[in-house]
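Everything below concerns the one structure shown next.
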Amino acid sequence: MISAAYPQLRLDADAVDHNIRIMAAWCRSRDVELAPHVKTTMSAPVIERQLAAGASGVTVATVDQAQTILSWGHGAVLIANQVVDRFGLRRLKSLLEEDPAREIRCFVDSPEGVIAAEQIFTGRGPALKVLLDVGTPGGRTGIRNPEDARQLARLVSQAPGLSLAGVAGYEGVAPNTRSDDTIAAVDAHCRRVRDVYLDVADLFETDTPVYSMGGSAFPDRVVEFLPTASAVPGTVRLLRSGCYVTHDHGAYQRVSPIPQLVPALSIRAVVLSVPEAGTAVVGAGKRDLPYDADLPVLLCAHSPGGSPRHDISGHVRSLYDHHAVLTGVSGLEVADLVDVGISHPCSAFDRWPDYFVTDKGGEVIDVWQTDFRRASIVGTGRARR
Numbered sequence: 001m002i003s004a005a006y007p008q009l010r011l012d013a014d015a016v017d018h019n020i021r022i023m024a025a026w027c028r029s030r031d032v033e034l035a036p037h038v039k040t041t042m043s044a045p046v047i048e049r050q051l052a053a054g055a056s057g058v059t060v061a062t063v064d065q066a067q068t069i070l071s072w073g074h075g076a077v078l079i080a081n082q083v084v085d086r087f088g089l090r091r092l093k094s095l096l097e098e099d100p101a102r103e104i105r106c107f108v109d110s111p112e113g114v115i116a117a118e119q120i121f122t123g124r125g126p127a128l129k130v131l132l133d134v135g136t137p138g139g140r141t142g143i144r145n146p147e148d149a150r151q152l153a154r155l156v157s158q159a160p161g162l163s164l165a166g167v168a169g170y171e172g173v174a175p176n177t178r179s180d181d182t183i184a185a186v187d188a189h190c191r192r193v194r195d196v197y198l199d200v201a202d203l204f205e206t207d208t209p210v211y212s213m214g215g216s217a218f219p220d221r222v223v224e225f226l227p228t229a230s231a232v233p234g235t236v237r238l239l240r241s242g243c244y245v246t247h248d249h250g251a252y253q254r255v256s257p258i259p260q261l262v263p264a265l266s267i268r269a270v271v272l273s274v275p276e277a278g279t280a281v282v283g284a285g286k287r288d289l290p291y292d293a294d295l296p297v298l299l300c301a302h303s304p305g306g307s308p309r310h311d312i313s314g315h316v317r318s319l320y321d322h323h324a325v326l327t328g329v330s331g332l333e334v335a336d337l338v339d340v341g342i343s344h345p346c347s348a349f350d351r352w353p354d355y356f357v358t359d360k361g362g363e364v365i366d367v368w369q370t371d372f373r374r375a376s377i378v379g380t381g382r383a384r385r
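Going by UniProt numbering, the sequence shown opens with residue 1, and the numbers climb by one from there.
Pasting the structure below:
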C-alpha cells in the first residue's frame, strides 16, 4: 500500500488514458497531427502514453524542457517560443551536434531574433529549423504586422545556419470564453496565420513545412482555417494542445469543444480546523495548487478512516500559502480528507516533484515524478562579500 503525508496531487490514470484516446481520435478525424505541449506535466509516463497513442512529437516552452525531453529518448521537439539568448542557442546547437537526427524547431518573430540565432548557427554544422511566429496586437510574442512576415522569411532563408520550416500562431491569448466576440477574434487570428503561411510558402526550406497552432481551448476553430495539402504540398498541420490530457474542473471544462474529455486531476488535503459554524480550513493553499484562473472547487470528502462523507457542501473563499478557507460548509469535520478540483492545470504539476496515480476507484496504484529542473548555472565570477 502506498501512503504519504497530505496534501497530495492525485492523477486518475483511467481518466488520463481516456482523454488521450479521445484527443487522438479527434485529431485523426480532422487530419491533423498532434505534438502535445508537455509543459503542464513534464512527466515521462504521461508523455510516453501520448506518443504511444499517435502523437508525432512533443511541444515545450523552454530549452531546459527540450533538453529533458531529449534525455528521455524522444527525438522530435518543438519549442513554442523564441530562443534569443546565447546560452540557450549554444545549448540547442550542442544538442543538434550530439545527434543530427534530432528534430528541434523553435520560433522567430524579429530580425533581431534572426541575427541572434545566426551568430551561433553560422552554417557550420546542423541548421536550426525555425517557424515564423505570427502574433496578435495586445497578445504575446509574434509578428504583429503580417506584411512584415515575408521580409522576415527572406532574412531566415538568407541566414546560412537557419532553415525556414513553417509558420506558427497561438490563438489562446483570447479569453477562455465562447462569446461571439472571442470566437470572432480567434477566427481572425487563425485566418491571419494561415494567410502568412500561404504567402511565404515559396520560401520554405523543407519538403514538409509545418503549420502549427495551439488548440487547447479552440481546436474546433483552428481546424476551420487550416491550409489545404493542395495549397502547399507536404504541409504538416500540427496542433500543440496539451491541457486535454488532464482537462480540469474549471476553465477548460467550460470552454473545450470536446465534451468527452473528463477531469483527471485533484488535490487531496486534510480539514485542519472548523473554527466556526459554516467554515472549514483545509491544509492546501497557494503553494500546493493553481489559482490563476479560478479558485479550487470542493469535489468530495472522506472520514479519516476512508468512509465517504455524504451531503457535504462548501466553496473556497480564499487561499493562503498552505491553507484554503471554505465557507458555506456542512458535513465536514476536523481530520476529514477532502478532494478539490482545480482550474487551468498548467501550473499544477510544477509544485509537485512526486504525485500519486490512482485507479478509477481512487486507490493509489503508483507514484510518478515530474522534471522541471533548471539548467546549471555556469560562470567564473566571484561572489561579492
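In this text, a Cβ means the ideal position worked out from N, Cα and C, and glycines have one as well.
- Your pair Gly166 and Ser212 checks out as a contact, with CB atoms roughly 7 Å apart and the cut at 8 Å.
- Contact between Asp64 and Arg374 holds: their C-beta atoms lie close to 6 Å from each other, under 8 Å.
- Distances from the CA of Gly285 to each of Ala168, Glu363, Asp339 and Arg192 were compared; the closest alpha carbon is that of Asp339.
- Spatial neighbours of Ala116 in its own chain (CB-CB distance under 6 Å, excluding positions within 5 residues in sequence) are listed in chain order as Val84.
- Taking C-beta atoms as the reference points, Asp288 and Ile312 fail to come closer than 8 Å.
- With distances taken between CA atoms, Phe372 lies nearest to Thr40 out of Ser29, Ile2, Val270 and Thr40.
- For Ser157, the secondary structure class from DSSP, reduced to helix, strand or coil, is helix.
- If you check the CB distance, Arg105 and Val130 come in under 8 Å.
- For Pro219, the enclosing alpha helix (DSSP H) starts and ends at Pro219 to Val222.
- Going by beta carbons, Gly283 and Leu272 fall inside the 8 Å limit.
- For Ile69, the enclosing alpha helix (DSSP H) begins and ends at Val63 to Ser71.
- In this structure Thr62 is in contact with Asn81, their Cβ atoms being roughly 7 Å apart against a cut-off of 8 Å.
- Where Asp17 is concerned, the enclosing alpha helix (DSSP H) starts and stops at Ala13 to Ser29.
- The region 19-26 makes no contact with the region 193-210: fewer than 3 CB pairs, one atom from each, lie closer than 8 Å.
- Under the three-pair Cβ rule at 8 Å, the region 250-265 does not count as touching the region 319-326.
- The Cβ neighbour count for Lys93, taken over all protein chains shown within 10 Å, is at least 16; the residue is labelled buried.
- Counting every other CB atom within 10 Å of its CB across the protein chains shown gives Ala231 a total below 16, marking it as exposed.
- Each residue's CA atom was taken as its position, placing Ser56 and Glu33 some 7 Å apart.
- Judged by their CB atoms, His189 and Thr246 are not nearer to each other than the 8 Å cut-off.
- Judged by DSSP secondary structure, Cys346 falls outside any beta strand (DSSP E); it is assigned neither H nor E.
- Closest in alpha carbon position to Leu261, among Ser3, Arg10 and Asp14, is Asp14.
- For Lys360, the closest alpha carbon among the candidates Val77, Pro219, Ile120 and Leu11 is that of Leu11.
- Our two residues, Gly54 and Asp180, have alpha carbons roughly 33 Å apart in a direct line.
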